[in-house]
Amino acid sequence: MVGKIIDRALKSEGASLQKTQEIYIPDIRDFRLDEKSHNCAIEIIQKAVRFLEFHLRLYNACSLNDLIFIFGIGAQNLDEIMNMSTVYDAQKNLLKVRNFGKNNSDVIGLAMSKKAISIDDFKGTGLSDFDLESLSTKIFFHIWQSSSFRPFETMIVFKAGTDDQINQTIEMYENVNRMKFQKEAEEKALKSVKVL
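Sequential numbering from 367 applies to the sequence shown in this note's numbering.
Spelled out as structure tokens, the structure:
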């Protein structure tokens, strides 16, 4: 079910994925992946997730404790990827899915807010009229399931990319790092200015 919701979220026409939400990495589903590419993928994933904690123009901030990681069952060495901090245990928030839909074969995994997907069960009971012949009442129990995706919650998608796409992702995070330091410097400067 989660795979279907994610498939609908990735295909959403109303709130399509932004360029900054698509993170291209070497395909860690490939058993023949060399060590350099593997380490590059791990570094990009960890860097992308760490940037989610900060308020930037690129996406909404989300604390590490509120993140869920969803990876396909073919992704290799998830333990190494999920080892992001000695304080935070990301393994607790790791879901594995069979696939992400027919048209999403390049999707390796996602990091998203816990609030991004909502699955609710609505339960109801009903009683029939008392049957005088059998001296019984029938009880009906109904469950309706509702699922939704919130497009304004934090979500980044890790996709298998070409060398050019991977290099663009690395450059983007170098620029984001510069932007983060600039923003921190601006905030520090604004705090030091006294308003009359």
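By construction, the Cβ of each residue, glycine as well, lies at the ideal position given by its N, Cα and C atoms.
message: Within the continuous alpha helix (DSSP H) that includes Glu388, where are the two ends?
response: For Glu388, no alpha helix (DSSP H) run applies; the uninterrupted beta strand (DSSP E) run containing it begins and ends at Glu388 to Ile391, by DSSP.
query: Between the Cα of Asp472 and the Cα atoms of Glu499, Asp486, Phe515 and Ala441, which residue gives the shortest distance?
result: Minimum Cα distance to Asp472 is reached at Ala441.
message: Please tell me whether Ile394 and Ile410 are closer than 7 Å, where the distance is taken between their beta carbons.
response: In this structure, Ile394 keeps its C-beta atom at 7 Å or more from the C-beta atom of Ile410.
- prompt: Excluding the five sequence neighbours on either side, which residues of its own chain have a C-beta within less than 6 Å of the C-beta of Ile372, listed in chain order?
  reply: Contacts found: Phe466.
- prompt: Nearest to Ile436 by alpha carbon, out of Asn541, Met538, Asp529 and Met521?
  reply: Looking from the CA of Ile436, the closest CA among Asn541, Met538, Asp529 and Met521 belongs to Met521.
message: Give me, in chain order, the residues of the same chain whose beta-carbon lies closer than 6 Å to that of Asp487; leave out the 5 immediate sequence neighbours on both sides.
response: Cβ within range, chain order: Ile509 and Gln511.
- prompt: Under three-state DSSP, which class holds Ile439?
  reply: DSSP, read as helix, strand or coil, puts Ile439 in coil.
- request: On a CA-only basis, which of Asn469, Asn470, Lys468 and Gly475 is nearest Leu460? Give me that one, please.
  value: Closest in alpha carbon position to Leu460, among Asn469, Asn470, Lys468 and Gly475, is Gly475.
field: Alpha-carbon spacing of Lys413 relative to Phe507, whole angstroms
entry: For Lys413 and Phe507, the distance between alpha carbons rounds to 48 Å.
task: Take Ala375 as the anchor and find which of Val523, Asp495 and Glu401 has the nearest alpha-carbon.
output: Ala375 has its Cα closest to that of Val523, out of Val523, Asp495 and Glu401.
Straight-line Cα distance separating Ser479 from Glu419: For Glu419 and Ser479, the distance between alpha carbons rounds to 11 Å.
- prompt: Where do the N-terminal and C-terminal ends of the beta strand (DSSP E) with Lys525 fall, by residue?
  reply: Taken as a continuous stretch (DSSP letters only), the beta strand (DSSP E) holding Lys525 covers Met521 to Ala526.
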